[in-house]
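Quick note, the sequences are listed as chains A and B, same order.
Every position in the first sequence, counted from 1, becomes a number in this note's numbering once 53 is added.
Every position in the second sequence, counted from 1, becomes a number in this note's numbering once 53 is added.
The beta carbon of each residue, even a glycine, is placed where N, CA and C say it ideally should be.
In what follows, a single structure is set out as structure tokens and then discussed.
Number of protein chains: 2
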Amino acid sequence: MKRRLLLVSNSTLHGGGYLQHCQQQIQDFFGKEVKRILFVPYALHDRDAYTKTARDKFKTLGYEVESVHETPDPVDAVRKAEGIFIGGGNTFRLLKALYDNKLVTEIKKRVLEDGIPYMGSSAGTNVSTISINTTNDMPIVYPPTFAAIGLVPFNINPHYLDPDPNSKHMGETREQRITQYHEELETPSVLGLREGSMLLVEGNKATLLGSTKARLFQRGKQTTEYEPGSDLSFLLTDAQ
Amino acid sequence: MKRRLLLVSNSTLHGGGYLQHCQQQIQDFFGKEVKRILFVPYALHDRDAYTKTARDKFKTLGYEVESVHETPDPVDAVRKAEGIFIGGGNTFRLLKALYDNKLVTEIKKRVLEDGIPYMGSSAGTNVSTISINTTNDMPIVYPPTFAAIGLVPFNINPHYLDPDPNSKHMGETREQRITQYHEELETPSVLGLREGSMLLVEGNKATLLGSTKARLFQRGKQTTEYEPGSDLSFLLTDAQ
């Protein structure tokens, strides 16, 4: 399988600039051959402003950015893309717009069959997985399904957050929320990517990158912590 | 309109027991005439355990609890109910189960036409409003729509949380999430009920109760803070 994915937990790390904490990984990922990246800004309301932010950042890394919302035919833009980056924002809004523009199947085909590199951040990472069932976002719009692009057969929880022992807030912790998901479904596994971490997928190999650990949730098992550098290829087997 | 609602932000307040912080309001609300309350435990996975928790608490307040999941015919149970309490948990799971059991229309009819008292807490408050678009929960299951029972024409955000100025977490604040909702829709208003607060609705009168303030979000306007005791009846007018 030609699949190449860079799935980033968060676009901005505390104290840094937009995509600053992962810029080395972005350059390693897209390399020298890709010149032009197709950007999908659907997760934010102001698509023009969002495109400018992404364009400015990628320019400093040596890449041109074309935004799918600026093209007359989004499906055709995906067909011609050398590489894709889907940015963060609201996951429900993003997934609905991907379906509205008939891009879900097309992106899946381009990435899994044609092997173009796919980078996602936050909401863009959520929609790359099997479903958006483990997003943290508010359901501000109703997508036609929670099934997503399905570039990997498991779920990711971006911005994974450990419980704050000093908090007096009584809303569910992130871990409790993911446990509720597994009360409903036997699989998939959920990989909690803390801010600062990202997953690199190359064919059937998956590696944790970045500066923070990830936490894996599997129904009926103890949660497991993984250090940066860990091989998580076992997650790419179906029905983990 | 006969409508009588007690919409509580949270079931448990830090340092207290289940429904302890609102027990006086519960007794004032259901009064002496209601003897038996129909409980809806659908928001949690273990319905038996949840019913026991609710039953034990309401017993100390002088009420019997019958759980809708223990009845052979949930619709008939709603038709015969003297009062309803929908508890918290996962809002998506709750709303889906309400639709699966054909209770949405029936509860609306009983509350708005027949005037039986409705109490909701957390997820049970979300589903009483016009939609679940402003829930904080993880979308672990896919309900047939986000439209909810519609006992009031606005949205509530339970467990409303102010930003933590010391946090290094970069996920959206609650206020940013609600602002994203208003990027999509002109109305409805969103009432952020902090933990400790609740809304009492009697006919066309709405009053904020409890120990904390509430924050109101209306598209294109400055947010407004309301003290306990505030009259919020203006929210009951359609299309606020």
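Residue i and residue j: beta carbons closer than 7 Å?
i, j, result
"residue 80/A", "residue 114/A", "yes"
"residue 180/B", "residue 171/B", "no"
"residue 237/B", "residue 193/A", "yes"
"residue 64/B", "residue 71/B", "yes"
"residue 246/B", "residue 213/B", "yes"
"residue 140/A", "residue 177/A", "yes"
"residue 90/B", "residue 136/B", "yes"
"residue 66/A", "residue 248/A", "yes"
"residue 146/B", "residue 191/A", "no"
Can you name the residues of chain A whose CB is closer than 7 Å to the CB of residue i?
i, result
"residue 57/B", "The contacting residues do not exist; residue 57/B stays about 26 Å from chain A at best."
"residue 185/B", "192"
Residues of chain C with CB closer than 7 Å to the CB of residue i, please, in chain order.
i, result
"residue 234/B", "This model lacks chain C altogether, as its protein chains are A and B."
To the nearest angstrom, how far is the alpha carbon of residue i from that of residue j?
i, j, result
"residue 143/B", "residue 232/A", "11 Å"
"residue 293/B", "residue 206/B", "Its pLDDT being 48, under 50, residue 293/B is placed unreliably in this model, and the coordinates cannot settle the point."
"residue 242/B", "residue 268/B", "11 Å"
"residue 106/B", "residue 211/B", "21 Å"
"residue 134/A", "residue 124/A", "12 Å"
"residue 283/A", "residue 183/A", "22 Å"
"residue 265/B", "residue 118/A", "47 Å"
"residue 131/A", "residue 255/B", "54 Å"
"residue 57/A", "residue 195/B", "29 Å"
"residue 100/A", "residue 94/A", "5 Å"
"residue 228/B", "residue 156/A", "30 Å"
"residue 271/B", "residue 151/A", "28 Å"
"residue 97/B", "residue 153/B", "15 Å"
"residue 160/B", "residue 273/A", "36 Å"
"residue 234/B", "residue 166/A", "36 Å"
"residue 54/B", "residue 169/B", "12 Å"
Given that residue i touches chain B, what residues does it touch there, using C-beta distances under 7 Å?
i, result
"residue 199/A", "192 and 195"
"residue 63/A", "223"
"residue 143/A", "233"
"residue 228/A", "Correct list: empty, because the minimum Cβ distance to chain B is about 11 Å."
"residue 122/A", "The contacting residues do not exist; residue 122/A stays about 15 Å from chain B at best."
Report the neighbours of residue i on chain A: residues whose CB is nearer than 9 Å to its CB, in chain order.
i, result
"residue 89/B", "Those within 9 Å of residue 89/B in chain A number zero; the least Cβ separation is about 28 Å."
"residue 66/B", "221 and 223"
"residue 248/B", "221, 222, 223 and 224"
What does residue i reach in chain A if we use C-beta pairs closer than 8 Å?
i, result
"residue 188/B", "191 and 192"
"residue 214/B", "222 and 224"
"residue 74/B", "Going along chain A, no residue has its Cβ under 8 Å from residue 74/B, so there is no contact; the nearest lies around 10 Å."
Give me the chain B residues within the contact set of residue i, using Cβ-Cβ distance strictly less than 9 Å, ordered along the chain.
i, result
"residue 135/A", "What residue 135/A touches in chain B: nothing, since even the nearest Cβ is about 29 Å away."
Worksheet item: Pairing CB atoms from the segment 110-126 of chain B with CB atoms from the segment 78-97 of chain B, are three or more of them under 8 Å?
Response: yes
Practice prompt. Would you check if the segment 276-288 of chain A and the segment 247-261 of chain A touch, i.e. whether three or more CB-CB distances between them fall below 8 Å?
Written response: yes
Discussion item. Threshold first: 3 residues or longer. Then list the beta strand (DSSP E) segments lying entirely within the segment 63-120 of chain A, N to C.
Written reply: 89-93 and 117-120
Discussion item. Going residue by residue through the segment 162-215 of chain A, where are the continuous alpha helix (DSSP H) segments of at least 4 residues, counting only ones entirely within it?
Written reply: 176-179
Worksheet entry | Sequence ranges, beta strand (DSSP E) only - wholly within the segment 215-249 of chain B, length at least 3 | 243-247
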